[in-house]
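Residue 20 is where the sequence shown starts when you use the numbering used here, and the numbers rise one by one after that. All C-beta atoms, glycine included, are put in the ideal place defined by N, C-alpha and C.
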Amino acid sequence: MRRLLFIALTLLSTLLPGLAHAWWQAEWAYRKPVTIDGGPQAGAIGSDAGRVPVLVRLHTGNFKFEGVSETGADLRFVAGDDKTVLNHQIEQFDPLLGIALIWVDVPNVSAGTPQKLWMYYGNPKAPASGNGQRSFDPDYTLVYHFAEGAVPPRDTTAYGNNGQTAAVPVEGTVIGKGAQLGNGALMLPATPSLAVTAGGTLTFSAWIKPDSLGARQAIYARRDGASELVVGIDQGVPFVQVNGQRSTPGQPVQAGQWSHLAVKAEGDSVALYVGGRPAVSLAAKLPALNTAAALGADAPAAAPAAPGAAPVAGFAPFTGAIDEVRLSKVARPDALLLADAVSQGAESRLAAFGPDEQQAGKSHFGFILAAMPLDAWIVVGLLGLMMALSWAIMIGKGRNFGATSRANATFIEHFREAAGAPLDRLATNNTVPQEVRADSSLWRLYEVAIEEMRRRHDRGYDLNAVSASTIGAIRAAMDGVMVRETERMSKRMNWLSTTIEGAPYVGLFGTVIGIMLVFVVAAMAGAVDINSVAPGMAAALLCTAAGLGVAIPALFGYNWLASRSDAIGADMAVFVDEFVTRLAEEQGEGRSLPVAVQARRA
């Protein structure tokens, strides 16, 4: 039994290291590791940025574009646990040009420990699953990639704040395609989701590349009566202006170069960021704004100025290119703005790529094992221990019962061949083999009966006329041995019955806990699609299957062993009756003597 347990534990220890290289699903032939590192030697974002839509920029230098769908429909991004599917959106995917721009919703970008993601591909049957509405959290109210061409820009968030005027496309921007400004305002819609309350919060960000550095150029402008919010540049110096109050000069931008600008309003402060880092701050509150905003030019006021009021000084159009415009209804953390500037630039230091891997034909069952969480492994480990013990008992009992049955059959042949001879003949002439004596339960019954007869002979009893009480005493001694033999055969059989009844409940417990964790993790990650919950559900159900797999063989083994035990018990009961009957017939007081013996006694 100890040897069997050692073998089972050895097999389990060899299985577990193989699961370290888990694979998400068997249908995907390839995967590529993507490391998100905000540490000082990589992204250097300073602090945790939280949930960030990270740009994964693929090109021929880091990706071969071999084995992947022509449209990128088979791309899947999975967290480092190889279970959680991350939302993503494809902005551009062109295998012929060897370029791809993909936004991946990373739940938490940390400035500490790097985290690994997996990009899976190589499944020609996979449907497209990219969804920009999930790739950007609900606090983003407008996101323009300008990837559509000469049409109004499309908002990729769930709010649908699409542009009101067509954009002039421009190629070769910082992130794929962009829009050329300078020939009129690109108007945004006036929707409730873009409305700003007085003293509210707001974040605006965009990449800009000025063609020339002019005076008072408006990049983003919004007016509502006398209220205004303008983000622009003046001779290359970015500024933010709220109700006529402008920020002090800060870090300038260069003509012909891409720069990341962001404005964050929170409480009594409006801050301007250049390249993801704070540049200047303005002590002002946002006014209430419910009108349409403009990109690349000043916005028209919603109402004419009041009589006698000074006319509103307008701003010149911005001449240059713009890309990746975002509006949020919250004040984004500084680390997130820095992460945007770091990850979206041409030389991103936030995301690093490892070598592609090809899966070696792992079975579906192997993927279920790879998806099992720690609690499921604890349950399966417990069931494995129960299975090892039950199989050890069944194998040991089966071998023991088999040896006993064979030895009993041999002994009963010797016993019946000695019919007519004294009952102790087998004990005195050593005709029964030693291995039969060791394994036969009938021999032990016979041995105790002969020992009882010898004791009575030594005390002076006449064994040629055994009384009924003596025969009863010998039978009682044999019954005692038979009871002990029965107890020996039933030893550890209760463990089999416990395994039969308990293993399914242990497996069901693991399934319930596993399903609970699947739904909790899905809710926390905001992912409720089948790809995110199916592996965990399959792993949870494996616990129930494992419980049944332990209980069913134990049930069959228990019934088989019980029948063998009953057969051996029946043989012992028959032998006791046979021995006592023969003793009474041959040596009892009421036996019939042969005629010659009766004549001599007369």
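Within the same chain, and ignoring the five residues on either side of H164 in sequence, the residues whose Cβ sits closer than 6 Å to its Cβ are E110. Taken through DSSP and simplified to helix, strand or coil, Q254 comes out as coil. Take K83, set aside five residues on each side of it, and the residues of its chain with a beta-carbon closer than 8 Å to its own are D375, in chain order. Contact check for G315 against L205 passes: the beta carbons are separated by less than 8 Å. Judged by beta-carbon spacing, G269 lies beyond the 8 Å limit of L356, meaning their Cβ atoms are not closer than that value. With 16 or more neighbouring CB atoms inside 10 Å of its own CB, Q236 falls in the buried class. For I341, the enclosing beta strand (DSSP E) begins and ends at 339-347.
As the crow flies, the alpha-carbon of T103 is around 23 Å from that of T90. Within the same chain, and ignoring the five residues on either side of S300 in sequence, the residues whose Cβ sits closer than 8 Å to its Cβ are S266, S288, V289, A290, L291. Between the beta-carbon of G533 and that of A395 there is about 5 Å, and that keeps the pair under the 8 Å contact cut.
Apart from the 5 residues on each side of it in sequence, T210 sits with its Cβ closer than 6 Å to the Cβ of N180 in its chain, given in chain order. Classified as buried, A41 has 16 or more neighbouring CB atoms from the shown chains inside 10 Å of its CB.
Contact annotation, I490 with A603: C-beta distance approximately 6 Å; criterion of less than 8 Å satisfied. Proximity of the segment 583-598 to the segment 555-572 falls short of the contact definition, fewer than three beta-carbon pairs being nearer than 8 Å. With fewer than 16 other CB atoms across the displayed protein chains lying within 10 angstroms of its CB, R435 is exposed. Here K283 is bridged, per DSSP, to T222, A290. Per DSSP, reduced to three states, the secondary structure at N513 is helical. Within the same chain, and ignoring the five residues on either side of M591 in sequence, the residues whose Cβ sits closer than 7 Å to its Cβ are S460, L461, L464, M501, E504. Taking a C-beta distance under 8 Å as the contact criterion, G151 and Q108 qualify as a contact pair.
Close CB contacts of G86 within its chain, under the 8 Å cut and outside five residues either way in sequence, are with A48, Y49, Y140, G141 (chain order).
Pairwise C-beta distances place the segment 129-137 in contact with the segment 61-72, as three or more of them are shorter than 8 Å. Contact between the segment 491-499 and the segment 511-518 is not established, with fewer than three Cβ pairs separated by less than 8 Å.
Counting only the Cα atoms, S509 lies some 22 Å from E466. In the DSSP assignment, S278 is bridged to I227. Annotation: V293 to A370 spans about 21 Å, alpha carbon to alpha carbon. For M138, the beta-bridge partners assigned by DSSP are K51, F96. Closest option to S224, judged by alpha-carbon separation, among Y159, A234, R418: Y159. The beta carbon of Q199 lies closer than 6 Å to those of V187, V189, A340 in the same chain, with the five residues before and after it left out. Its chain contains D287, S288 as the residues whose beta carbon lies nearer than 7 Å to that of A302, once the 5 sequence neighbours on both sides are disregarded; these appear in chain order.
A Cβ-Cβ separation of about 6 Å places L305 in contact with V215 under the 8 Å criterion. R242: not part of any alpha helix (DSSP H); member of the beta strand (DSSP E) spanning 236-243, first to last residue. S231 has its alpha-carbon roughly 17 Å from the corresponding atom of H279. Around the beta carbon of R418, fewer than 16 other beta carbons sit within 10 angstroms, so the residue counts as exposed. Residues of the same chain with a CB within less than 6 Å of the CB of K348, apart from the 5 flanking positions on each side, are D158, T160 in chain order.
With fewer than 16 other CB atoms across the displayed protein chains lying within 10 angstroms of its CB, V593 is exposed. Closest by C-alpha distance to A360, out of V344, A565, G182, is V344.
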